[in-house]
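Engineer: The structure is given below, and queries will be raised subsequently.
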Amino acid sequence: MAFYLYRTRIKCLCRSYETIFWSFGFPILLSLFFYMGFNNLASHENIKTIPVAIVKESNADVEFIKTIINAHISNDKNLFMVEFQSLENAKVMLRDNKIAGYIVLNNKPALYFKNNGLEQSILKLLTDNYLQMSSTAKHISDLTPKAINDNFYKSITAYKDYIVDNRDEERNPDYTLIYFYTLIALACMFGTNWGFREMVDIQADQSAVGTRINITPVHKMKLLLCNILAAFTLHYLSILFLLTFLNKVLQIDFGHRIGMILLTGAFGSLCGISLGAMVCVFVKANVKVRGAILNAIVLGGGFYPE
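Listed below in structure tokens is the structure:
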């Protein structure tokens, strides 16, 4: 009997073309737009050597010059292409966009740039870090002058990485994956429509279908569980369909732990269906008002302060 109820409910849900579109069709269309918009995004994120001019004053900080010259992107590629210029030439080069910025070396390095961007952010980060380390060294030398030696300077300038990267060396991280993970999460949230409909269809005071269902000699909890299971089956199939399309058609590489992604998709589908059912049960209003509140909750979850 339970399997008959389950099978019949699946047939009924398959005739809800609007819900089928939002669960099966819309995420696929959105993934195509994501792919066209973000496919080449990672190729533009590669850091190139940054042209920068240095203006040396009479009391220039030699250690800063060594720091900026020795900065590398890789073993054979410098992070900065340093040119020593006069102040007038540096201003002209900055105005003509020949350099990302210029640094005036006096008692402290002063950074000047015209535009905001990745190169300018890297320059500012290096300058800020150097000023912070210089301030730390000066503070320690004032407190304990005996601590200042060659090992001290090496210790405050050394960076130690405590994170072990077990990825394959030939694999580069794809930062566009976050957009497709977000799309999967959105598809899970579409489960709210399935859960909402199941609760509406089983309540006698909400629909004619619910009235007919409640006069049948079937236990209401048994019928509800069969209906929820049918909704979960179809919605999880939409998640699997989306994952298959992303991986096989769009060639989105989700890595080797695909089983965890499938498990997360199943859990997300259950959460979406449960949220829709909860809103329908706890909000005391007509169906249209409940639907509007549910949409506000789902859409509002996508907005949060940075």
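Under UniProt numbering, the first residue of the sequence shown is numbered 1, with each subsequent residue one higher. Ideal Cβ positions, reconstructed from N, Cα and C, are used throughout, including at glycine.
1. Just checking my contact of residue 210 with residue 200 at CB under 8 Å: how many whole Å lie between their CB atoms?
2. Flag residue 53 as yes if its beta-carbon sits less than 8 Å from any beta-carbon of chain C, otherwise no.
3. Per DSSP, what kind of secondary structure is residue 129 in: helix, strand or coil?
4. Under the three-state reduction of DSSP, which class applies to residue 300: helix, strand or coil?
5. If we count Cβ pairs, one from each stretch, closer than 8 Å, do we get three or more for the region 8 to 16 versus the region 230 to 239?
6. At which residues does the alpha helix (DSSP H) containing residue 202 begin and terminate?
7. Give me the Cα-Cα distance between residue 25 and residue 215, rounded to the nearest whole angstrom.
8. If you run the structure through DSSP and keep just helix, strand and coil, what is residue 105?
9. Should the region 56 to 66 be called in touch with the region 17 to 32, which here means at least 3 C-beta pairs below 8 Å?
10. If I follow the unbroken alpha helix (DSSP H) through residue 282, where does it start and stop?
11. With 16 as the cutoff for other CB atoms within 10 Å, does residue 306 come out buried or exposed?
12. Would you mind sorting residue 198 into buried or exposed? The rule is 16 or more other CB atoms within 10 Å of its CB.
13. Where are the alpha helix (DSSP H) runs, 4 residues long or more, that stay fully inside the region 46 to 87, in chain order?
14. Among 134, 92, 82 and 135, which residue has its Cα nearest to the Cα of residue 123?
15. Tell me the rounded alpha-carbon separation between residue 8 and residue 220.
16. Are the beta-carbon atoms belonging to residue 194 and residue 256 less than 8 Å from one another?
17. Measure how close the beta-carbons of residue 109 and residue 64 come, nearest whole angstrom, since I'm counting them as under 8 Å.
18. Look at residue 79 and residue 71 and say whether their C-beta atoms are less than 8 Å apart.
19. Rounded to whole angstroms, what is the Cα-Cα separation between residue 114 and residue 100?
Structural biologist: Considering the structure as presented:
1. Indeed they touch by this definition, with Cβ atoms about 7 Å apart.
2. The structure shown contains no chain C; it is built from a single protein chain.
3. In the structure shown, residue 129 sits in a helix (DSSP, three-state: H, G or I).
4. Looking at residue 300 - three-state DSSP - the assignment turns out to be helix.
5. Yes, the region 8 to 16 is in contact with the region 230 to 239.
6. It spans 191 to 202 - the alpha helix (DSSP H) in which residue 202 sits, taken as one unbroken run.
7. In this structure, the CA atom of residue 25 is about 36 Å from the CA atom of residue 215.
8. The answer is strand: DSSP assigns residue 105 an E or B state.
9. In this structure the region 56 to 66 does not touch the region 17 to 32; the number of beta carbon pairs closer than 8 Å is below three.
10. Going by DSSP, residue 282 is part of the alpha helix (DSSP H) stretching over 258 to 282.
11. In this predicted model, residue 306 has a pLDDT of only 48, less than 50, meaning its place in the structure is not dependable; the value taken from the coordinates is given anyway. Residue 306 is exposed by the Cβ-count criterion.
12. Buried.
13. Runs found: 62 to 69.
14. For residue 123, the closest alpha carbon among the candidates 134, 92, 82 and 135 is that of 82.
15. Between residue 8 and residue 220, the alpha-carbon positions lie close to 16 Å from each other.
16. Cβ atoms of residue 194 and residue 256: not closer than 8 Å.
17. In this structure residue 109 is in contact with residue 64, their Cβ atoms being roughly 5 Å apart against a cut-off of 8 Å.
18. Their beta carbons are under 8 Å apart, which means residue 79 touches residue 71 by this criterion.
19. So the two alpha carbons sit approximately 8 Å from each other.
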